[in-house]
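Residues 444 to 757 in our numbering are what the sequence shown lists, from first letter to last. Glycine included, C-beta positions come from ideal geometry on N, C-alpha and C. It should be emphasised that the depicted structure is a prediction, and the values quoted were computed from it without experimental measurement. A quick write-up on the structure given underneath.
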Amino acid sequence: MNIEQLKWKMVERPLIPIQNSWVDATPFIALTLLLGASIFIIFKFRKKQSARHIIQLFSLILFAFTFHRCFCAIRGWFFGLSEIGRDNLSVFQNTCIIIPVIASLFIFGRIFCGWICPLGFVQELLKNFGKRLRQIPKLIMLSIFLVIAIFLIYRFKPVNFFVIQNMSSMLGLCLLFICFLSIANPANDLRLKKLKYFFLVIWILSILLGIFVTSPWCAIYGNEIDYPSLIGFISVLLTGLIISMAWCRYVCPLGGLFAALARFYKYTIKGSDIPSEEYKNTCPMRAITKNGTVDKESCIYCLRCTEKHGFKLQ
Ligand code: SF4
């Protein structure tokens with residue numbers, strides 16, 4: 444299949460055009476409504492998991508299959524800021540995703556990761572599917588996945604600059620290696636989670652140097668899909684079968700940006716004073732320690748722990 448055939452969207456024209464241009468206000472409105480609905484559910488619903496999955500499903504349908512707009516918020520943000528005073532439509536187009544996301548971050552931290560991000564949702568679904576593969580040792584599965592990724596990288600390598608044009612595949616490869624370290628010694632988990640700050644720095648430096656890099660999430664949004672982003676995406680899916688939310692935990696640069704701003708969150712999850720082994724199976728991000736404390740840089744506000752262990756949102 445030609446890579447162009449994968450760029451499929453239900454809506455190719457703006458639904459709510461601004462000043463009769465190609466700039467569409469619909470993704471901004473949809474994202475704001477989804478975030479608003481998520482916050483409403485958090486405050487008002489007792490059983491939140493089904494409602495959260497409905498929001499995630501809506502977001503997947505809207506942003507992965509409907510709008511011609513992606514969540515590559517960091518690159519768009521930098522570009523949008525550089526256009527201030529020159530092209531206001533471009534400023535809006537490039538910042539309309541990051542602004543609602545950052546606004547929600549000051550209230551509920553990484554709520555975007557746990558409620559809206561389609562890549563996070565896909566990984567949550569995979570985690571349940573991965574449970575069926577438990578009988579296969581994780582290191583063997585990971586070795587097979589690594590061979591698949593290396594083969595794909597070799598088969599579809601870019602013609603010119605191997606690393607720069609292949610950044611998304613490289614991120615996928617790094618993710619696979621990090622998963623090896625995590626499985627070899629689960630005690631490394633907290634240290635490995637800090638690596639997302641490193642990938643955030645690499646990502647920002649690439650943008651500042653004018654390098655147009657793609658990422659695994661380009662494959663899910665489809666409008667900038669290329670072979671490296673597809674290989675990165677496959678790596679995210681494969682690791683998601685073995686380690687819950689591996690991409691979000693260790694590599695995602697956007698997650699790294701959110702985590703770096705953790706001190707500004709208004710609401711956080713307060714853990715329990717009672718140590719328990721059960722916590723590790725509850726939290727998809729392994730954000731709860733055995734002692735019951737919550738790592739707020741990793742928490743994505745899925746609220747499973749509040750429903751299951753009585754943790755408090757405060
Ligand atoms: S700490 Fe609780 S709310 Fe946060 S991600 Fe883990 S289970 Fe979800």
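CA-CA distance, residue i and residue j?
i	j	result
L635	S464	45 angstroms
V644	I621	17 angstroms
F754	N724	15 angstroms
L474	I497	14 angstroms
C661	F508	12 angstroms
A592	I674	7 angstroms
S533	S525	10 angstroms
L648	R456	33 angstroms
Q492	I559	13 angstroms
A630	K739	18 angstroms
Y768	L614	Examination of residue 768 is not possible in this model, given that the chain is present from 444 through 757 alone.
G528	Q608	31 angstroms
D530	G563	33 angstroms
Q758	I686	Only positions 444 to 757 of the chain appear in this structure, which leaves residue 758 out of reach.
Y670	S612	8 angstroms
T732	P460	48 angstroms
Between the Cα of residue i and the Cα atoms of the options, which residue gives the shortest distance?
i	options	result
L618	P601, F599, L589 and F594	L589
L500	A730, G714, W660 and G557	G557
F623	L652, E720, S658 and P580	P580
I540	A689, L673 and A468	A468
R518	L582, T657, R729 and L503	T657
L616	N628, A689 and I504	A689
V466	F486, Q536, L503 and S502	Q536
Roughly how far, in whole angstroms, is the beta-carbon of residue i from the beta-carbon of residue j, given that I think they are within contact range, below 8 angstroms?
i	j	result
C595	I677	It is worth fixing the name first, because residue 595 is Leu in this sequence and not Cys. Confirmed, about 7 angstroms.
Y693	L651	Contact flag wrong, Cβ pair sits at about 23 angstroms.
M728	C691	7 angstroms
Looking at the C-beta of residue i, does it have a partner C-beta in chain B at a distance below 7 angstroms?
i	result
L582	No chain B is present in this structure, which holds just one protein chain.
**OP:** Examine the Cβ distances between the stretch 547-558 and the stretch 709-719 and report whether three or more of them are shorter than 8 angstroms.
**Re:** yes
**OP:** Would you check if there are 3 or more beta carbon pairs closer than 8 angstroms linking the stretch 679-697 to the stretch 577-593?
**Re:** yes
**OP:** At 4 residues or longer, and completely inside the stretch 602-668: list those alpha helix (DSSP H) runs for me, N to C.
**Re:** 610-627, 632-636, 638-651 and 659-664
Original post:
Which runs of the alpha helix (DSSP H) fall wholly inside the stretch 485-570 and span at least 4 residues, in chain order?
Top reply: 492-502, 516-525, 531-538 and 541-551
Subject >> Any 3 or more C-beta pairs closer than 8 angstroms across the stretch 536-548 and the stretch 475-490 >> reply: Counting Cβ pairs under 8 angstroms, three or more are found: they touch.
Original post:
Do the stretch 642-658 and the stretch 696-706 make contact, defined as three or more Cβ pairs closer than 8 angstroms?
Top reply: yes
Original post:
Which ranges would you report for the alpha helix (DSSP H) in the stretch 683-733 if only whole runs of at least 4 residues count?
Top reply: 689-693, 696-703 and 722-725
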